[in-house]
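The next block holds one structure in the form of C-alpha cells; read it before the comments.
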Amino acid sequence: MASLEKEGLVEESRSTISQESACISNLGNLDSAEASKSSNIFSVFLEPIQWIQMLSSQLNPTFIIGIVIVYGLNLGFSGSFFKVVTDYYWKDVQKVQPSVVQLYIGLYYIPWIMKPVWGLLTDVFPIKGYRRRPYFVLAGVLGGVSALMVALIGNLPAALALSCFIGIAAGMAIADVTIDACIATNSIEVRSLAPDMQSLCGFCSSAGALIGYSTSGFFVHHLGAQGALILLAIPPVFITVLGFVIYEMRSPCLHPEKQKKMGTLGVAVKGMYQTIKFPQVWKPSLYMYLSLALSISTHEGQFYWYTDPKAGPGFSQESVGAIYAIGAMASMVGVLIYHKTLKDIPFRNLLFFAQLLYGASGMLDLIFILRWNLVLGIPDYFFVITEECISRIISRIRWIPMIVLSTRLCPLGIEGTFFALLMCIDSLGSLTSKWGGGMVLHVFHVTRTDFTNLWLVILIRNIMRIATLGLIFLVPKADPSDALIPQDILITHSTVTSDDEGLELVPKNEKEVQSFF
Numbered sequence: 111m112a113s114l115e116k117e118g119l120v121e122e123s124r125s126t127i128s129q130e131s132a133c134i135s136n137l138g139n140l141d142s143a144e145a146s147k148s149s150n151i152f153s154v155f156l157e158p159i160q161w162i163q164m165l166s167s168q169l170n171p172t173f174i175i176g177i178v179i180v181y182g183l184n185l186g187f188s189g190s191f192f193k194v195v196t197d198y199y200w201k202d203v204q205k206v207q208p209s210v211v212q213l214y215i216g217l218y219y220i221p222w223i224m225k226p227v228w229g230l231l232t233d234v235f236p237i238k239g240y241r242r243r244p245y246f247v248l249a250g251v252l253g254g255v256s257a258l259m260v261a262l263i264g265n266l267p268a269a270l271a272l273s274c275f276i277g278i279a280a281g282m283a284i285a286d287v288t289i290d291a292c293i294a295t296n297s298i299e300v301r302s303l304a305p306d307m308q309s310l311c312g313f314c315s316s317a318g319a320l321i322g323y324s325t326s327g328f329f330v331h332h333l334g335a336q337g338a339l340i341l342l343a344i345p346p347v348f349i350t351v352l353g354f355v356i357y358e359m360r361s362p363c364l365h366p367e368k369q370k371k372m373g374t375l376g377v378a379v380k381g382m383y384q385t386i387k388f389p390q391v392w393k394p395s396l397y398m399y400l401s402l403a404l405s406i407s408t409h410e411g412q413f414y415w416y417t418d419p420k421a422g423p424g425f426s427q428e429s430v431g432a433i434y435a436i437g438a439m440a441s442m443v444g445v446l447i448y449h450k451t452l453k454d455i456p457f458r459n460l461l462f463f464a465q466l467l468y469g470a471s472g473m474l475d476l477i478f479i480l481r482w483n484l485v486l487g488i489p490d491y492f493f494v495i496t497e498e499c500i501s502r503i504i505s506r507i508r509w510i511p512m513i514v515l516s517t518r519l520c521p522l523g524i525e526g527t528f529f530a531l532l533m534c535i536d537s538l539g540s541l542t543s544k545w546g547g548g549m550v551l552h553v554f555h556v557t558r559t560d561f562t563n564l565w566l567v568i569l570i571r572n573i574m575r576i577a578t579l580g581l582i583f584l585v586p587k588a589d590p591s592d593a594l595i596p597q598d599i600l601i602t603h604s605t606v607t608s609d610d611e612g613l614e615l616v617p618k619n620e621k622e623v624q625s626f627f
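See the structure below:
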C-alpha cells in the first residue's frame with residue numbers, strides 16, 4: 111500500500127512538473143511572439159533611420175542635411191505655405207480675379223525658368239574658390255528680405271507685391287538649383303543611389319509640405335493673409351546657415367581673370383548644346399515639357415469655388431489647410447510606394463501607367479464640381495480628401511521617375527548647369543500650364559463669383575492629360591540604373607584642360623579625387 115501511494119505521488123509529481131513545463135513553454139512561445147511583433151513594429155521606425163545612416167556613410171552628412179533643409183524647409187514648408195497664403199492674399203487682400211491670379215502665378219516661375227543661369231553661375235563663377243556655398247547664402251538673403259517686405263509693408267500695390275513674391279521664388283530656385291547640382295554630381299558618381307537620393311528629396315519635400323499645409327490655415331485665420339507671410343522669412347535663415355556649414359572642397363586652381371571665366375562659360379554652353387542634341391536627351395526632355403504644359407492648371411478657379419459659400423462647399427481657411435496637409439501625407443505614401451516597389455521599373459512603362467492614372471484621377475474633380483458626390487451620399491469634406499489623396503499619390507509617382515530620368519541625362523562636368531536646364535524646361539511647362547489654364551478660365555468666363563463653366567474647363571484639362579499618352583514613345587525604355595548618355599560625351603568633344611575652373615570633366619571612377627562631398 112505504501113509503495114502504491116508512493117508511486118501515485120511520484121506520478122502526480124511528474125504530471126505536475128510536465129504541466130508546469132508546458133505552461134512555461136507556452137509562455138515562452140507567447141513571449142517570443144510578442145518580442146517578434148514588437149521587433150517588427152520597432153523595425154518600421156528603425157528602417158528609415160538606417161536608410162539615412164547608409165546615405166550619410168556613402169555620401170557626406172552635410173550633403174544629407176542640405177537636402178533636408180532645401181527640400182524639407184525651402185521647397186516643402188515654404189512652397190506649401192506660400193501656395194495657400196498667397197492664394198488668400200490675392201483673393202482677400204488684392205481681390206483679383208482667378209484668371210488674373212493664374213497669370214501672376216505664372217510669373218513666379220520666371221526664377222525657375224532661369225535655373226540654367228543659376229546653374230551656370232554655380233558651375234562657372236565660383237566665389238572665393240567655392241561653387242556652391244556662396245549661392246546658398248545669396249538664396250537665403252534674397253528670400254528673407256523679400257518675405258519681410260511683403261509681410262511688413264501695408265497697402266502694397268499689386269505690382270510691388272508680385273515683385274516680392276517673385277523674389278521669394280527666386281530664393282527658393284537658387285537654393286534648389288545649388289543643391290540639385292550637388293545631387294546630380296552624386297547621382298553620376300554613385301549611380302546606384304540616384305533613386306534613393308530622389309526618394310529622400312521627395313520624402314523631405316512631402317514632410318515639409320505636411321507641416322506647411324497644416325499650419326497655413328491657422329496662421330491665415332489668426333494673422334491674416336499678409337501677416338502670415340512673415341513665416342516665410344524663417345527658412346531662408348537656415349539656407350543662409352547651410353551656406354557656411356555644407357562641406358565643399360575649395361578648388362586650388364581658380365583664376366580670377368575675366369577672360370578665363372568667359373572661356374569656361376563658353377565651354378559650358380557648348381557642352382549643353384552638344385548634350386541636348388542627343389536624341390536620348392532631347393526626346394525625354396520634350397516629353398517632360400509637354401506632359402506638364404498640356405495638363406492646363408485650373409487650380410485658382412477651383413480654389414475660389416472651394417471657398418465660396420454660395421456656389422461651392424465654402425471650406426474655411428483651416429479646412430483648406432487641413433485638406434492640403436492630408437494631401438501632403440498622401441504624397442509621402444506616394445514616395446514610399448515608388449521607393450519600395452517602382453524604382454526599378456523601366457521609365458516608359460512606369461510613366462505610361464502613371465500618366466494614365468493621372469488623367470483618370472482628374473475625373474474626380476469633375477464629379478466634385480458637378481456635386482455628383484452629394485447625389486451618391488458622399489459628404490463634400492470626405493470626398494475632397496479622398497480626391498486629394500489619390501491625386502497626390504499619383505502625381506508623386508509620376509513626378510519622381512521624371513526627376514530620376516533628368517539626373518541620368520546630365521554629363522559630368524556641367525551637371526549643375528545641365529540639370530538646371532532640364533528643370534527649367536519643367537518650369538516652362540508649368541508656366542505654360544498656368545497661363546494656358548488662366549486663358550481657358552478667362553475664355554469660359556470663370557470669375558470670382560461665376561463658376562457655371564468650371565466643369566467644362568476641368569473636362570478639357572482631363573482630356574488633354576489622357577491625350578499626352580500619345581507622346582510616351584519619347585521616353586526611353588531604359589531602367590533607372592542604365593547609362594543613357596556616353597560617359598565621355600564632354601571629355602571627347604571638349605578642349606577643356608584640368609586647369610579650367612568650375613568644370614571637372616572627369617570620368618565617374620575618379621570620385622575619390624574630384625568629389626565635392
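Quick note: the sequence shown uses the numbering used here, first residue 111, plus one each step.
Just so it is clear, CB atoms sit at the ideal spot from N, CA and C, and this is done for glycine as well.
For clarity, every value in this text was computed on a predicted model and none was experimentally measured.
Excluding five sequence neighbours on each side, which residues of the same chain lie with their C-beta closer than 6 Å to the C-beta of residue i?
{"i": "residue 448", "result": "507 and 510"}
{"i": "residue 407", "result": "543, 544 and 547"}
{"i": "residue 200", "result": "206 and 211"}
{"i": "residue 541", "result": "216 and 219"}
{"i": "residue 209", "result": "548, 551 and 552"}
{"i": "residue 253", "result": "278, 281 and 346"}
{"i": "residue 400", "result": "581"}
Could you tell me if residue i is buried or exposed, where buried requires 16 or more neighbouring beta carbons within 10 angstroms of its beta carbon?
{"i": "residue 492", "result": "exposed"}
{"i": "residue 426", "result": "exposed"}
{"i": "residue 183", "result": "buried"}
{"i": "residue 195", "result": "buried"}
{"i": "residue 358", "result": "buried"}
{"i": "residue 412", "result": "buried"}
{"i": "residue 517", "result": "buried"}
{"i": "residue 611", "result": "The predicted position of residue 611 is uncertain, since its pLDDT is 38 and thus under 50; no value can be drawn from it."}
{"i": "residue 336", "result": "buried"}
{"i": "residue 329", "result": "buried"}
{"i": "residue 174", "result": "buried"}
{"i": "residue 485", "result": "exposed"}
{"i": "residue 302", "result": "exposed"}
{"i": "residue 159", "result": "exposed"}
{"i": "residue 286", "result": "buried"}
{"i": "residue 415", "result": "buried"}
{"i": "residue 164", "result": "exposed"}
{"i": "residue 267", "result": "exposed"}
{"i": "residue 483", "result": "buried"}
Whole angstroms is fine: what's the gap from residue i's alpha carbon to residue j's?
{"i": "residue 206", "j": "residue 282", "result": "25 Å"}
{"i": "residue 458", "j": "residue 592", "result": "13 Å"}
{"i": "residue 97", "j": "residue 395", "result": "Outside the displayed span of the chain (111 to 627) sits residue 97, for which this structure offers no information."}
{"i": "residue 231", "j": "residue 439", "result": "35 Å"}
{"i": "residue 229", "j": "residue 382", "result": "11 Å"}
{"i": "residue 558", "j": "residue 489", "result": "24 Å"}
{"i": "residue 450", "j": "residue 290", "result": "23 Å"}
{"i": "residue 410", "j": "residue 567", "result": "12 Å"}
{"i": "residue 463", "j": "residue 582", "result": "10 Å"}
{"i": "residue 387", "j": "residue 535", "result": "15 Å"}
{"i": "residue 389", "j": "residue 585", "result": "10 Å"}
{"i": "residue 187", "j": "residue 167", "result": "27 Å"}
{"i": "residue 185", "j": "residue 293", "result": "15 Å"}
{"i": "residue 377", "j": "residue 225", "result": "18 Å"}
{"i": "residue 603", "j": "residue 233", "result": "Because residue 603 sits at a pLDDT of 47, beneath the cut-off of 50, its placement in the model cannot be relied upon, and the following sentence gives the value as read from the coordinates. Roughly 19 Å between the two C-alpha positions."}
{"i": "residue 315", "j": "residue 469", "result": "24 Å"}
{"i": "residue 73", "j": "residue 170", "result": "In the structure as shown, the chain begins at 111 and stops at 627. Residue 73 is therefore absent and cannot be evaluated."}
{"i": "residue 505", "j": "residue 348", "result": "28 Å"}
{"i": "residue 473", "j": "residue 522", "result": "42 Å"}
{"i": "residue 615", "j": "residue 528", "result": "The pLDDT assigned to residue 615 is 33, lower than 50, so where the model puts this residue is not dependable, and the model offers no usable value."}
{"i": "residue 317", "j": "residue 419", "result": "31 Å"}
{"i": "residue 711", "j": "residue 223", "result": "With the chain running from 111 to 627 in the structure shown, residue 711 is simply not present."}
For residue i and residue j, which I take to be in contact (beta-carbon distance under 8 Å), what is that distance rounded to the nearest angstrom?
{"i": "residue 385", "j": "residue 251", "result": "About 32 Å; that fails the 8 Å criterion."}
{"i": "residue 321", "j": "residue 176", "result": "About 19 Å; that fails the 8 Å criterion."}
{"i": "residue 246", "j": "residue 352", "result": "5 Å"}
{"i": "residue 502", "j": "residue 441", "result": "5 Å"}
Who are the near neighbours of residue i in its chain, counting only those whose CB is closer than 8 Å to its CB and skipping five residues on each side?
{"i": "residue 570", "result": "406 and 550"}
{"i": "residue 563", "result": "554, 555 and 556"}
Could you pull out every residue in the same chain whose Cβ sits closer than 7 Å to the Cβ of residue i, ignoring the five residues on either side in sequence?
{"i": "residue 565", "result": "476, 479 and 480"}
{"i": "residue 513", "result": "308"}
{"i": "residue 331", "result": "427 and 428"}
{"i": "residue 161", "result": "none"}
Answer with yes or no whether the minimum CB distance from residue i to chain C is below 8 Å.
{"i": "residue 592", "result": "Protein chain content of the structure displayed is limited to a single chain, and chain C is not contained in it."}
> Contact between the segment 574-584 and the segment 234-253: three or more CB pairs below 8 Å?
Replying inline: no
> Is the segment 183-192 touching the segment 335-349, taking contact as three or more C-beta pairs under 8 Å?
Replying inline: Judged by Cβ distances under 8 Å, the segment 183-192 makes contact with the segment 335-349, as three or more pairs qualify.
>> Can you confirm whether the segment 429-445 touches the segment 307-324 when touching is taken to mean that 3 or more C-beta pairs between the two stretches lie within less than 8 Å?
In response: yes
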